[in-house]
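Asks: Each position in the sequence shown, counted from 1, maps to that position plus 983 in the working numbering.
Below you'll find the structure I mean.
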Amino acid sequence: MQAILALEDGRIFSGRGHGAKGECYGEVVFNTSLTGYQEIFTDPSYAGQIVVLTNPQIGNYGTNPEDNEATHPYIEGLVTREFSPVSSNWRSQQVTDEYLEKFKIPVIGDIDTRALVRHLRNNGVMRGVISSIETDPEKLVAKARSIRKMDGTDLARVVTTKQRYHWDTGSRPFEPTEVVGVKDAPPTKHIMAYDYGIKQNILRMLVDEGCRVTVVPATTSAEDVLSLKPDGVFLSNGPGDPEPCTYAADNIRRLMGKTPIFGICLGHQLVGLALGGRTYKLKFGHHGGNHPVKQLETGKIEITAHNHNFAVDPDSLKESEIVKTHIDLNDNTLEGLRHKTVPLFTVQYHPEAAPGPHDSNYLFKDFMKMIEEWKGK
984 MQAILALEDG
994 RIFSGRGHGA
1004 KGECYGEVVF
1014 NTSLTGYQEI
1024 FTDPSYAGQI
1034 VVLTNPQIGN
1044 YGTNPEDNEA
1054 THPYIEGLVT
1064 REFSPVSSNW
1074 RSQQVTDEYL
1084 EKFKIPVIGD
1094 IDTRALVRHL
1104 RNNGVMRGVI
1114 SSIETDPEKL
1124 VAKARSIRKM
1134 DGTDLARVVT
1144 TKQRYHWDTG
1154 SRPFEPTEVV
1164 GVKDAPPTKH
1174 IMAYDYGIKQ
1184 NILRMLVDEG
1194 CRVTVVPATT
1204 SAEDVLSLKP
1214 DGVFLSNGPG
1224 DPEPCTYAAD
1234 NIRRLMGKTP
1244 IFGICLGHQL
1254 VGLALGGRTY
1264 KLKFGHHGGN
1274 HPVKQLETGK
1284 IEITAHNHNF
1294 AVDPDSLKES
1304 EIVKTHIDLN
1314 DNTLEGLRHK
1324 TVPLFTVQYH
1334 PEAAPGPHDS
1344 NYLFKDFMKM
1354 IEEWKGK
């Protein structure tokens, strides 16, 4: 089937439709990862977004339940250069086309993704529509312009769990000889994880570190969290603009100094707001598994995975309260901070990245160390 991608500025791309027949609407962003497309599909941080994958061939290794980051895809639609109708991988259980059709996700392939990505880099992310049912480009451009903007939109409330639940599944080895996490040992720490759009691999890695994890909705009060006597609190990734999530920043403020806190992605941005800082929207965001980040204290460079459209303004934070720990070497955005007097640190990127890179896995051990030091005091 034929399909059209229409952007709000009037740019049109025509291609071949895959996945579900229909229309989807969202902010169009690009991701530079070479692998891990299923993890991208199912990352709740992509709610409200149409994703362009720069790797030219997508779908060639199929899909399987173990690679999901959530129970279903959260992307609104997918844009690719080549979309494979077959899969070739020993782990594959369903071809990607059927997987996305099952969840009613439209796909457009056979377009010049290089031209599209250059357009987004030069002009910034913009709203768009993928359609395999409407053939009039002008009508689609009008629809794109009518989509609600991401700025000012609280999507954490939309994707968060509706009720509290427990998670006790660790990482699975891909080979019989691979050793992952803590085996046959009872959990020694209790972590409360705020779900602003949490990825399942975060929960697996916390279990690997010997934790039992309780996941709570984004609006859960600080008092309710503390009443369960956690050893630490985790603030998750998530979609949308952090500034409307005032309830989350208020809860973080009340938690600070009372329990160790580790936040990533949206959690990092919410901590910035809780500390009195500001956030701003990036021109085209950071999306991909190959972003260089520098540890400011050691000078070490990590290759990291990112998925965010907003960032914390470092100049809005008080130097008397925080230490800037990481920066992005592509554009010098703030990628990590640590509080000087209370047990709290955050990073903007994804240390739990699946399938990788794994340069930043140490941050989960740093969280465990911070918890032990807090107990010692």
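Built from N, CA and C at the ideal position, the CB exists for glycine as well.
A quick note: this is a predicted structure, and the numbers were derived from the prediction, not measured.
(1) Any idea if W1150 is buried or exposed, counting beta-carbon neighbours within 10 angstroms, 16 or more meaning buried?
(2) Name the two residues that bound the continuous alpha helix (DSSP H) containing G1363.
(3) Let me know the alpha helix (DSSP H) ranges lying completely inside the region 989-1025, each 4 residues or longer, listed in chain order.
(4) Buried or exposed for T1118, please, with buried defined as at least 16 other CB atoms from any protein chain shown within 10 angstroms of its CB.
(5) For G1005 versus I1094, is the C-beta distance shorter than 8 Å?
(6) Pair every Cβ in the region 1194-1201 with every Cβ in the region 1166-1180, then say whether three or more of these pairs are closer than 8 Å.
(7) Below 8 Å between beta carbons: does that hold for A1030 and V1141?
(8) Give a yes or no on whether 8 Å exceeds the smallest Cβ distance from K1241 to chain C.
(9) Can you check which of these residues, G1180, T1152, Q1183, is closest to A1168 by C-alpha distance?
(10) What does the alpha-carbon distance come out to for the pair S1067 and D992?
(11) Residue range of the alpha helix (DSSP H) that A1127 falls in?
(12) Give, in chain order, every unbroken run of the alpha helix (DSSP H) that is at least 4 residues long and sits entirely within the region 1014-1089.
(13) How should E1022 be labelled, buried or exposed, when 16 other C-beta atoms within 10 angstroms of its C-beta is the threshold for buried?
(14) Which partner residues of V1199 appear in the DSSP bridge assignment?
(15) Identify, in the order they occur along the chain, each residue of the same chain with its Cβ nearer than 6 Å to the Cβ of D1342, setting aside the five sequence neighbours on each side.
(16) Quick check: the Cα distance between V1295 and S1070, rounded to an integer number of angstroms?
(17) When the Cα atoms are used, what is the spatial distance from T1242 to L1258?
(18) Below 8 Å on the Cβ atoms is my guess for I1116 versus G1002; work out the distance and round it to an integer in Å.
(19) Considering Cα atoms alone, identify which of T1202, N1051, K1323, K1358 is closest to R1074.
(20) Please state the DSSP three-state secondary structure of P1297.
(21) Alpha carbon to alpha carbon, how far is H1333 from N1315? Give it in angstroms, no decimals.
(22) Give me the Cα-Cα distance between R1155 and N1184, rounded to the nearest whole angstrom.
(23) For the region 1223-1301, list the beta strand (DSSP E) runs that are entirely contained and at least 3 residues long, ordered along the chain.
(24) Based on the DSSP output, what are the partners of Y1148 in its beta bridges?
(25) Can you look up E1318 in the DSSP assignment and give me helix, strand or coil?
(26) Alpha carbon to alpha carbon, how far is V1330 from F1350?
(27) Exposed or buried, what is D1298 when buried is set at 16 or more other beta-carbons lying within 10 Å of its beta-carbon?
(28) Assuming V1108 and N1292 are in contact, meaning their beta carbons sit under 8 Å apart, how far apart are those beta carbons, in whole angstroms?
(29) Just to confirm my understanding: we take R1104, look at its own chain, exclude 5 residues before and 5 after, and list those with CB closer than 7 Å. What are they?
(30) Taking the straight line between their C-alpha atoms, what separation do you get for N1273 and R1101?
(31) Measure from the alpha carbon of V1208 to the alpha carbon of each residue in I1235, L1123, C1228, then state which is nearest.
(32) DSSP has H1309 in a bridge; who is on the other side?
(33) Using the three-state DSSP reduction, which class does V1325 fall into: helix, strand or coil?
(34) At what residues does the alpha helix (DSSP H) containing I1185 begin and finish?
(35) How is S1210 classed by DSSP in three states: helix, strand or coil?
(36) In whole angstroms, what is the alpha-carbon distance linking K961 and G1260?
Replies: So, from the data block:
(1) buried
(2) The first residue shown for the chain is 984 and the last is 1360, placing residue 1363 beyond what the model contains.
(3) 1020-1024
(4) exposed
(5) no
(6) yes
(7) yes
(8) This model lacks chain C altogether; it includes just one protein chain.
(9) T1152
(10) 30 Å
(11) 1120-1129
(12) 1020-1024, 1079-1085
(13) buried
(14) Y1177
(15) E1285, I1286
(16) 40 Å
(17) 16 Å
(18) So it is not a contact: roughly 13 Å between Cβ atoms.
(19) N1051
(20) helix
(21) 17 Å
(22) 10 Å
(23) 1244-1247, 1262-1278, 1284-1295
(24) V1198
(25) strand
(26) 12 Å
(27) exposed
(28) 7 Å
(29) F1267
(30) 18 Å
(31) I1235
(32) Q1278, G1319
(33) coil
(34) 1183-1191
(35) helix
(36) The chain is shown only over 984 to 1360; residue 961 falls outside these bounds and no answer can be derived.
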